[in-house]
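Per my numbering, the sequence shown runs over residues 163 to 349.
Positions of the beta carbon are idealized from the N, C-alpha and C atoms, including for glycine.
Just so we're clear, the structure is a prediction, and the values are computed from it rather than from any experiment.
The structure appears below as structure tokens.
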Amino acid sequence: MTGTPGPNNIMLTASGANFGFTRTIPHLVGVSLGVASLIGTVAGGLGVLFETFPVLQQGLRLVACAYLLYLAWRIGTAPPPARDSLQPGESEGRPMRFHEALLFQYVNPKAWAMAITAVSSFTAAGEGYWVSAALIVAVFLLVGFPLTTSWAAFGVLLGQVLSSPRSWVWFNRCMGVLTASCLAFMW
């Protein structure tokens, strides 16, 4: 689930290309810990709140749509890196910060789908519930971090291939459109 294209992996690819690997690390860690905390929150009963109060789910969906469109716009309109003053693969802007990436998981439609599916499919009933929920979180951390890291590394490689300002503009536009297309997960 964490290795397939979605908002996180598209944004990590764009970040790796535009800002380099080192500057993308807080984004990577925020994604991993954010998904883990979301799974823990869903296991703790957040899904029951949505069943009881469907308006909360609709509200979250609207906030998620707006934020995802904002991020897509930010990615799609990012200028090419200023090659003369920065290291290769680094841009003047800034990558997503740790806390932004962590909190983004709570409006990320794919992260919600992963969390709900994992908790509903793989937790044990009864006394084994919390142990199985903790194992799910651990597996997502152990498997998810290397997979998302590979997307950021792929972005770094793309950043080394993009040679003209025009290619950077098209790359950023494509990443923005792909990020916006993740809205399909919500509807």
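In the DSSP assignment, find the unbroken alpha helix (DSSP H) run with residue i in it and report its ends.
i	result
residue 223	216 to 238
residue 202	183 to 203
residue 336	327 to 343
residue 291	291 to 323
residue 242	Residue 242 -> no alpha helix (DSSP H), and no H or E assigned at all.
residue 264	260 to 266
Would you decide whether residue i is buried or exposed? Buried here means 16 or more other CB atoms lie within 10 Å of its CB.
i	result
residue 311	buried
residue 177	buried
residue 332	exposed
residue 261	exposed
residue 167	exposed
residue 344	buried
residue 290	exposed
residue 340	buried
residue 300	exposed
residue 346	exposed
residue 271	buried
residue 327	exposed
residue 234	buried
residue 190	buried
residue 319	exposed
residue 211	exposed
residue 224	exposed
With DSSP as the reference, label residue i as helix, strand or coil.
i	result
residue 354	Any property of residue 354 remains undetermined from this structure, which presents the chain solely from 163 to 349.
residue 279	helix
residue 209	helix
residue 178	helix
residue 255	coil
residue 288	helix
residue 248	With a pLDDT of only 45 at residue 248, under 50, the local geometry of the prediction cannot be trusted, and no value is derived from it.
Could you tell me how far apart the beta carbons of residue i and residue j are, in whole angstroms, since I believe they sit closer than 8 Å?
i	j	result
residue 198	residue 295	At roughly 11 Å, the Cβ-Cβ gap does not stay under 8 Å, so residue 198 and residue 295 are not in contact.
residue 192	residue 263	3 Å
residue 200	residue 273	6 Å
residue 255	residue 240	6 Å
residue 169	residue 230	6 Å
residue 209	residue 278	6 Å
residue 259	residue 188	6 Å
Is the Cβ-Cβ distance between residue i and residue j less than 8 Å?
i	j	result
residue 342	residue 174	no
residue 196	residue 267	yes
residue 303	residue 194	yes
residue 317	residue 238	no
residue 257	residue 185	yes
residue 297	residue 165	no
residue 226	residue 269	yes
residue 180	residue 321	yes
If we define contact as Cβ-Cβ less than 8 Å, is residue i a contact residue for chain B?
i	result
residue 206	In summary, chain B is missing from the structure at hand, where a single protein chain is found.
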